[in-house]
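Participant: Protein chains in written order, with our numbering: chain A, 2 to 477; chain B, 2 to 477; chain C, 2 to 477; chain D, 2 to 477.
There are 4 protein chains.
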Amino acid sequence: MRTAHEYRESLRDGRTVYYEGQRVHDVTTHPILRIAVDHAALDYEMAEDGRYRSLAVVPRPGGGEMSRFFAMPRTAEDLLARSELIETGTRLGGTVVPLLKEIGTDALFALQLVAHEMDGTLGTHYLGRVREFFTRCRDHDLAMAVAQTDVKGDRGAGPSDQAHPDYYLRIVDERADGIVVRGAKVHTSVSMNANELIVLPTRALGEPDNAYAVAFAIPVDTQGLSLVVSPYAGPAASPFAYPLSSRHRMTESLTVFDDVFVPRDRVFLQGEWQYAGSLARTFVEFHRFTAISYKLPLVDLLAGAGQLIAQYNGIERAGHVRDKLTWLIAYAQTLRKLTRMAALDCSRGALDIAVPDAATVNIAKLHFASQFHQAIAHVQDLAGGLLVTAPGQADWQEPALRPLLERYLGGKGVGAEARLRLLHLISDVTTSAMGGYHAVLAVHAEGSIEAEKLTIYRTAPMDRYVALAKELAGIA
Amino acid sequence: MRTAHEYRESLRDGRTVYYEGQRVHDVTTHPILRIAVDHAALDYEMAEDGRYRSLAVVPRPGGGEMSRFFAMPRTAEDLLARSELIETGTRLGGTVVPLLKEIGTDALFALQLVAHEMDGTLGTHYLGRVREFFTRCRDHDLAMAVAQTDVKGDRGAGPSDQAHPDYYLRIVDERADGIVVRGAKVHTSVSMNANELIVLPTRALGEPDNAYAVAFAIPVDTQGLSLVVSPYAGPAASPFAYPLSSRHRMTESLTVFDDVFVPRDRVFLQGEWQYAGSLARTFVEFHRFTAISYKLPLVDLLAGAGQLIAQYNGIERAGHVRDKLTWLIAYAQTLRKLTRMAALDCSRGALDIAVPDAATVNIAKLHFASQFHQAIAHVQDLAGGLLVTAPGQADWQEPALRPLLERYLGGKGVGAEARLRLLHLISDVTTSAMGGYHAVLAVHAEGSIEAEKLTIYRTAPMDRYVALAKELAGIA
Amino acid sequence: MRTAHEYRESLRDGRTVYYEGQRVHDVTTHPILRIAVDHAALDYEMAEDGRYRSLAVVPRPGGGEMSRFFAMPRTAEDLLARSELIETGTRLGGTVVPLLKEIGTDALFALQLVAHEMDGTLGTHYLGRVREFFTRCRDHDLAMAVAQTDVKGDRGAGPSDQAHPDYYLRIVDERADGIVVRGAKVHTSVSMNANELIVLPTRALGEPDNAYAVAFAIPVDTQGLSLVVSPYAGPAASPFAYPLSSRHRMTESLTVFDDVFVPRDRVFLQGEWQYAGSLARTFVEFHRFTAISYKLPLVDLLAGAGQLIAQYNGIERAGHVRDKLTWLIAYAQTLRKLTRMAALDCSRGALDIAVPDAATVNIAKLHFASQFHQAIAHVQDLAGGLLVTAPGQADWQEPALRPLLERYLGGKGVGAEARLRLLHLISDVTTSAMGGYHAVLAVHAEGSIEAEKLTIYRTAPMDRYVALAKELAGIA
Amino acid sequence: MRTAHEYRESLRDGRTVYYEGQRVHDVTTHPILRIAVDHAALDYEMAEDGRYRSLAVVPRPGGGEMSRFFAMPRTAEDLLARSELIETGTRLGGTVVPLLKEIGTDALFALQLVAHEMDGTLGTHYLGRVREFFTRCRDHDLAMAVAQTDVKGDRGAGPSDQAHPDYYLRIVDERADGIVVRGAKVHTSVSMNANELIVLPTRALGEPDNAYAVAFAIPVDTQGLSLVVSPYAGPAASPFAYPLSSRHRMTESLTVFDDVFVPRDRVFLQGEWQYAGSLARTFVEFHRFTAISYKLPLVDLLAGAGQLIAQYNGIERAGHVRDKLTWLIAYAQTLRKLTRMAALDCSRGALDIAVPDAATVNIAKLHFASQFHQAIAHVQDLAGGLLVTAPGQADWQEPALRPLLERYLGGKGVGAEARLRLLHLISDVTTSAMGGYHAVLAVHAEGSIEAEKLTIYRTAPMDRYVALAKELAGIA
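#1: Work out the CA separation of residue 311 of chain C and residue 462 of chain A for me, nearest whole Å.
#2: Return no unless some Cβ of chain B is closer than 9 angstroms to the Cβ of residue 382 of chain A.
#3: So residue 343 of chain A packs on residue 357 of chain A, CB below 8 angstroms; how close in whole Å?
#4: Give, in chain order, every residue of the region 390-416 of chain B whose Cβ lies closer than 9 angstroms to some Cβ of chain C.
#5: Comparing the C-beta of residue 431 of chain B with each C-beta of chain C, is any distance below 9 angstroms?
#6: With 9 angstroms as the C-beta to C-beta threshold (strictly closer), list the residues of the region 278-305 of chain B near chain A in chain order.
#7: Cα separation between residue 407 of chain D and residue 305 of chain D?
#8: Starting from residue 180 of chain C, trace the beta strand (DSSP E) both ways and give me its first and last residue.
#9: Residue 377 of chain B versus chain C: which residues are under 8 angstroms apart at the beta carbon?
#10: Quick one: complete alpha helix (DSSP H) runs, 4+ long, within the region 69-113 of chain B?
#11: List the DSSP bridge partners of residue 19 of chain A.
#12: Taking all protein chains shown into account, do 16 or more other C-beta atoms lie within 10 angstroms of the C-beta of residue 62 of chain A, making it buried, or fewer, making it exposed?
#13: Rounded to a whole number of angstroms, what is the C-alpha to C-alpha distance between residue 314 of chain D and residue 210 of chain A?
#14: Using three-state DSSP, classify residue 259 of chain C as helix, strand or coil.
#15: Tell me which residue opens and which closes the beta strand (DSSP E) that residue 60 of chain C is part of.
#16: Enumerate in chain order the residues of its own chain whose CB-to-CB distance from residue 11 of chain C is below 7 angstroms, with the five nearest sequence positions on each side excluded.
#17: For chain B, find out if any of its Cβ atoms is closer than 9 angstroms to the Cβ of residue 348 of chain C; answer yes or no.
#18: Less than 9 angstroms between the beta carbons of residue 45 of chain C and residue 142 of chain C, yes or no?
#19: Cα separation between residue 82 of chain B and residue 335 of chain C?
#20: Taking Cβ-Cβ distances below 8 angstroms as the criterion, which residues of the region 203-225 of chain A are in contact with chain D?
#21: For the pair the region 112-122 of chain B and the region 275-282 of chain B, tell me if three or more CB-CB distances fall below 8 angstroms.
#22: Give me the chain B residues within the contact set of residue 99 of chain A, using Cβ-Cβ distance strictly less than 8 angstroms, ordered along the chain.
#23: Any idea what DSSP makes of residue 271 of chain C, helix, strand or coil?
#24: Please report whether the beta-carbon of residue 425 of chain C lies at a distance below 9 angstroms from any beta-carbon of chain D.
#25: Mind pulling the alpha helix (DSSP H) runs of 4 or more residues that sit fully within the region 345-421 of chain D?
#26: So which residues of chain B does residue 107 of chain C contact, with C-beta pairs closer than 7 angstroms?
#27: Please confirm whether residue 234 of chain A has its beta-carbon closer than 9 angstroms to some beta-carbon of chain B.
#28: Between the C-alpha atoms of residue 384 of chain C and residue 369 of chain C, what's the straight-line distance to the nearest angstrom?
#29: According to the neighbour-count rule (16 or more other Cβ atoms, all chains shown, within 10 Å of its Cβ), is residue 1 of chain A buried or exposed?
#30: Over what stretch of residues does the beta strand (DSSP E) that includes residue 197 of chain A continue unbroken?
#31: If you run the structure through DSSP and keep just helix, strand and coil, what is residue 222 of chain C?
#32: Go ahead and pull the three-state DSSP assignment for residue 240 of chain D.
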């Protein structure tokens, strides 16, 4: 297994990364991007840390060790352990998931299942390719990003019906040894600091869209691949006022494929349009289980910060305060219980992979997503206006001001420093750019709220429900 | 074990029952009350029915058989089986729980736990008494009611501070062989058709309230005990228009104790005011697990009836319809998953009894209760105005009208009869007196919404939440 | 103007009314239907009552007096007075609108506007007919019902696409002196106790639907017209336990047109399919203003009953109680303020009729409808379980029981009688059949929630909103 | 009247302002603070701009002109004009209220009313002082800030019960010519760029708190007054990515009174503790009317931006999209209609001042505040993940990247530039620091959500509600 140091070293290749309009030649030393690199390195550091080692490291088939992320889940317990590992990384990451191995393995589980299905039905030979790539990632302990969402243009139209043929990534040429692809993906998380980029289709396709049915993996330094990293959240901030976002950050890129060549043994879908939807969904279902796991530290934090600031403000016994805290607790616990239930109710299908229960996963995700903004409102309500009017780090460090701040900003049984630290934490996670980031992720990451609803409807035990209604109504 | 027939026979004692202002001498033949008797007999009929026997009947310690309700839960699996039995009875009961053994065993589990605690701390000898009574109920397969809620008067004041000393049940005399109690309880379910009445305190008490700290069990035909059964829901209705409430009904009574004598070996709490709250709570926590189990057929029915009427109305593909159906599905499934989780996360404490996880139970109950009215609104929205304007049984049976109704009231791919039956089912469960009953039960039965919130707050892993907030805020 | 007595007399014609499968020969003496007749007579009694006379009666154009309902609204003040009259009738009606003149005049205002438009565009001569009929109703002070909603069959398909050609009312023949219509309408309120039945189309139509484009008015005793009155809410109930529904009731009918002949001068739309949607909508918009006016006593009652029962229960100072009461107050007041605003922001268009602001009307209606079930939940929460377990009238009148009830069912500073009366009022309006009726009406009457949303979207000042967004975004 | 230039000049006095730990000697040239100065100058620029002049300027009593803000409202029309002026300034201010005259005149109206009441009851002579100061502000067209919220310490305890006597501002000395005050206020908006600071108590007080009962006005450059301006929102941002917050900003300060002397003729409350609550409330009620007026551009923008981005994304016809847009429309319109109603239902009491209807104002405010986070969630849902992953200004201006962005980021019938501008606008107002600012202001500014609820309960027509309940229940 690689060390965090080796991981950082591995990012110093010729990758094409732009940030704030400029080419970045070494992401590990760039003043902003390095924050994201250091944050993501948690996925390696956990394996080196005695406190997390037994969770993060498991024996490798054939000998040696490997990251648990690469362990194919066979049982509910495997899924629970994977969930706990994801949660732990995110807790250490200050509510931001490291994601370097989480999302990639989600994709690789899905690719294996769909490759298996295609091979069986179509007589293709994808599974071998996927497994070879999977083994390579596992044995080299690689960091992986997944590019799925196309730029899409008019979302009401399919790939072939767009004003512009490149609004979805497509195969523009086939060569003896591989294919050439063109297009762009958006929201590609951790791409600038991964080793491998796994590319998946984003939706179900029709036959006319067959050139858009493509999945593959390429190293991030591949010729023709450009990453335009989002400047969202701006420059590095002070740790006093931004205790989380100053240290923890994930980046996304507009990921441009300018006639990129993909060798044949790295192509996992090529024109089989009937399987594009299945591949997209299978990945997303694994990934939503990752999502509900990595949301747990965030919802726990909201409950804890809400309780603590209520105490600091001296309002913890007021009826409405108790009511809001109870809401936050139920919000957090419901997510946790449903996440566990999704693992416990897993199904074992093809390839002996334990798949989390899709109905429960999506209900958990919808529960989280549809009420997140309300949770934020409650925490802001408990915290008070200082969230946006409190003094910052420079004020706190200024000798002429510190005595004033200490004198006037204490709370109930607590000094100004602890209270300000807590207020800044809440502000960071709810009102700053990081707060906005969490809010948008709640609504859109791992599929939209509407996509979750669709899955819930589709996976419901409707026959049982309708049979009960008919029986009680006396309908034959 | 008793048969349903034996159960009915056992109710023909001298019990004092009033209904609609009149003394009822045989509840099994009264035109209204017999509906409730027949309904509740399900708890006996399941044991006689091959389809449910393996669920309803288990070996008795010491040989023979007994109702599973009397099996002390030792494991999560025991709790899951108990939950399934409760759910099954309620499904057969058309969303109304039979309750003849459910609530009584909830009380007996709680009485054993608290008696054990009292005996250990105070040197009392309650556990033996409770167990003797428990064994009697079990071996004679008795039907049990539980009287807990006092009439209360001014709810903002304690028992001793009321304008009237009898607003809470109290001990008014002690004799050599027992005690005499006076007062009244309300909302006593299935009392008129039970064999034994178990009486519990309704709240925590202070030392001045010690005369109010009393728990015991008496046969329903005890001298001085009067049951004023609620006339709610009125006369018997036609099965066509009221498919559920015409056959399934539960009654509650105002339960008056007019200087009732209780023999000493049936007294389970006598003055130990410190344990009144604990006993009240321990019972309620078991009973809320019963509650979330028996709500499952109701929420499943709402989802199924919603889907089916949407199809019959030809609107099942509309966006807003899908949205409402998805809401109903998530509502139902979340309750089911949390109910299972409450069993799976049970704790084993004193007396080797498996106790459902209180936090999860209450979160599940609050989830159900706080959104039930919204669920009703969605189903009514899908069904349409015919819920309150459709023709009824007499119209349907009138030859001059039937052809008109058949001609005009069909739906999409369905004839008028099935559509009317379904509409009447939905009407029965959402707009009739039964609908109102379900709604009020959602809010108040097994403790109010506010009581559930209190328990959620009290049982939360707040230390863990706060520690996370402090850690991320950098507070020592 | 007619007296209430004259109104009752006028109903003794040969009308074809069925109730509970039987032909009813005199609706004014039928034990159930007479409740609805007596209730609706309020619209006449107000004019005879000195307390309401100035509100209910205005000078008639050309001399004499007339019901204010027939006054064409010319100003915001006219609309406010009309709204107050509707509210007053409903308050006297115990939350049930009398409706004998309300809905008919809504229809007649709409018919005039659309007739005017048709005459101008198509050269038809409908306005004269409508006005003649309007004058007749006004001068004879007639009671009017409106039949709009067709039985519809598959709601996802239009009239011409149904499995059955009569799922929407249609013209089946034209004669020299009029037309013949066939079909059935549902939810026709107050039809059995009105004098005239005004018939309107229920939706926009396409050219193939032209036979379905029909509007007219006929006396209720017209040959071929049958009213199958809904048995909903069942037999008459005791005034103690059902203080409102025992005295106030409205009926709806399945209204069957079995080749009914309509004389030409009573035909107001005949094949002009392009105007069916406009007529349906114009009526509904007037009628929704009526609706938000007649909902006011209901929402006020919920707030008042909530406050009073909280006091009686001794919980009025608890934080959560205050919160729920405040919610109920804001719910009631927002409806009232928006209703007034809808009048104040009226527009004056064709025929000098003041039309309430459609955007505001629909926002008010949606506000009411989408939160009504939550309002009920709050009131039930404040009231407690006695809503469904309290003793009833026969218990109260039984000398053996009265002392017990008086002894045990008092509240904080209030005796058992007042508390029981209030609980029964709340039960009547929230849990009984009347409660279900109010709930379904909230969702469906005067158009569904989805129809209200559609109107809100359609009437929004979207150009202004979008212009602001573009300006602030710097988009040319 | 002063020009914007004169206003800026007036800020160059010796005021003690700290920002990011450093003393700022000229707020008009400081790179960050000047943004707030320029923004607030809108209150002067409107008066100079022909488009707004008739709204912003009115004749001055005694001749000449004055800002309309200083016009005492006498009628509903005056309040509507004041509301429109506030809305217009905020629209020009990109959803941020200028506030330089809005809040100060709110305070001065309240001070006059309470001074009048005190003078009448206590024989004091405050009204003359207040009017003299009011006339001075009006005639010199001064910019005014209001310091109300104390730092508070333990919010569960009153001023006299704090661990620290200075947690509420108090009088520490009285001299022949005035008083000396000590303490600190927080959240003092526009203090660093106002001319006068008006100081009000923040809550009702008891007799032991009489030293805390103090109100007065002082110039911002008064000796001993220090403003520690909040660093929230950080450095200036690019106008492309932050179209609003790069140009519009308001600042708040921790406002420290270090034994500040206040001349007697500027003291408006001195020890009359019985009037502290009344003064606090009277100000807040005026100010909440200001608040609901200045929220209008924000809610309109959310509706407009939601509609436009839905079109750009090609999803505007989807059912769930229409549903969310309709929600946003109803949200915006309800606020607007209630705001108008609050003016139209004003009361005229003492001093002939028209006071907006407090019940309506608070219901409007609660409507806005309690659903704001949901509004944000809906807009984010419609916009998509590019809110936090889109390229920024530097990317857009980089020639190597522009073609890629133009190629890939267009939408339905719209180029990349307009779409990115709109996305950045939405991001600025919902996810950036400005978004967080709006969210916290929604919950806390002008009093908390709980304070609004309290006022709604207190001002409800409860007697009328309860009388209706009693009448319908038959309770004497």
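Where is the CB? At the ideal position from N, CA and C, for every residue including glycine.
Here the structure is a predicted model, which is why all the values come from computation and not from measurement.
Facilitator: On the basis of the supplied data:
#1: 42 angstroms
#2: no
#3: 4 angstroms
#4: 390, 391, 392, 393, 394, 395, 396, 397, 398, 399, 401, 402, 405, 406, 408, 409, 410, 411, 412, 413 and 414
#5: yes
#6: 298, 301, 302, 303, 304 and 305
#7: 24 angstroms
#8: 179-190
#9: 374 and 440
#10: 77-93
#11: A:24 and A:229
#12: exposed
#13: 20 angstroms
#14: strand
#15: 58-60
#16: 196
#17: no
#18: yes
#19: 49 angstroms
#20: none
#21: yes
#22: Within chain B, no residue comes near residue 99 of chain A; the closest Cβ sits about 16 angstroms away, beyond 8 angstroms.
#23: strand
#24: yes
#25: 359-384, 387-390, 394-398 and 403-409
#26: Chain B residues near residue 107 of chain C: none, gap ~18 angstroms exceeds 7 angstroms.
#27: no
#28: 21 angstroms
#29: Residue 1 of chain A falls outside the range modelled here, since chain A spans only 2 to 477, and no answer is possible.
#30: 197-200
#31: coil
#32: coil
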